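Participant: After the structure tokens below, expect a handful of questions from me.
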Amino acid sequence: MPTFEVAGAELAVALSDEGGHPVVQLHGLTSSRARDRVLNLDLGRGLSGTRLLRYDARGHGRSTGRKVSEDYRWPNLAEDLLRLLDRWFPGEPVHGVGPSMGAATLLHAASREPDRFTGLTLMVPPTAWETRPDQAAIYRTAAALIESDGVEAFHAATRGSTPPPATVGAPETWPDVADALLPSLLRGAAISDLPAPESVARIDVPTTILAWVDDPGHPLSTAESLAELLPNATLTVARTPGEVEAWPEVLRQDVDRRG
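Counted the way the working numbering counts, the sequence shown spans residues 177 to 435.
Put into structure tokens, the structure is as follows:
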């Protein structure tokens, strides 16, 4: 499996080349390509006839990383993404898709280089702006718990939480991150936020926002704010697992329209 070197990490990358429009797929915090497949968030499985680039973000999955919190700030992850696109799809605008941290990374990249993207499919956007400080505190507390009591204590603290209705029945999974790196990843997320609203409002890229309800870490308020700010956005809200099952088809239609 090919890797791509960035400052402080080697990214594990996989390209499914069936010709056609280039698509890049990202994942969420503490997840990976493999874990997103288990969580039913691998929307790229519904694509055919595209060049689909999937990769594990630094410190996640099969990618390496350092114990440096700043490495995992979303603007830094956006820099990794843009470098990947320059390597695999030089000079070509791509369609970007990803959940949570992946959606945030795409927004940071698009705010810097909007011409790099023909469209975005943003899944379950994370807390942002006024809701971010409380989530950041949760991440800092979790990082401290891992350092003091170990990863098992972190797992125990999160076990049994009520899942969003749209994910009921999903298998239980754990972070696809090396134990030693997990505190740094969480602290990097704690010092991250979406681009400023005025920057988001300048991203004139066709965007589909896919959200679900009753998830404090991915509140509907963020998705609604993005739908209002982005000049060319639509919002779809899932309340059942069956509605999430339709998301790969949404991505396929997005790519077909914008490819």
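Don't be surprised by glycine CBs; every beta carbon is placed ideally from N, CA and C. Bear in mind that the values here come from a model prediction, so they are computed numbers and not experimental data.
Are A342 and V214 touching if we call contact CB-CB under 8 Å?
Facilitator: Contact flag unset, no.
Participant: Which residue's Cα is closest to the Cα of R335: W350, E323, S287?
Facilitator: W350
Participant: Alpha carbon to alpha carbon, how far is R230 from L260? Give it in angstroms, no decimals.
Facilitator: 10 Å
Participant: To the nearest angstrom, report how far apart L396 and R433 are at their CA atoms.
Facilitator: 26 Å
Participant: I think L217 touches M277, with their Cβ atoms under 8 Å apart; what is that distance to the nearest whole Å?
Facilitator: Actually they are not in contact, since the Cβ atoms of L217 and M277 sit about 12 Å apart, beyond 8 Å.
Participant: Within 10 Å of its beta-carbon, does H331 have 16 or more other beta-carbons around it, so buried, or fewer, so exposed?
Facilitator: exposed
Participant: Where does I379 fall in DSSP's three states?
Facilitator: Secondary structure of I379 (DSSP, three-state): coil.
Participant: Please identify the residue among V182, R209, G196 whose C-alpha is closest to the C-alpha of A190.
Facilitator: R209
Participant: How is W350 classed by DSSP in three states: helix, strand or coil?
Facilitator: In the structure shown, W350 adopts coil according to DSSP, grouped into three states.
Participant: If we require 3 or more residues per run, which beta strand (DSSP E) segments fall completely within the segment 274-300?
Facilitator: 293-299
Participant: To the nearest angstrom, how far is it from the Cα of E268 to the Cα of T398?
Facilitator: E268 and T398: Cα-Cα distance of roughly 29 Å.
Participant: By how many angstroms is the C-alpha of L257 removed from the C-alpha of R120?
Facilitator: A question about residue 120 goes unanswered here, because the residues of the chain that appear run from 177 up to 435.
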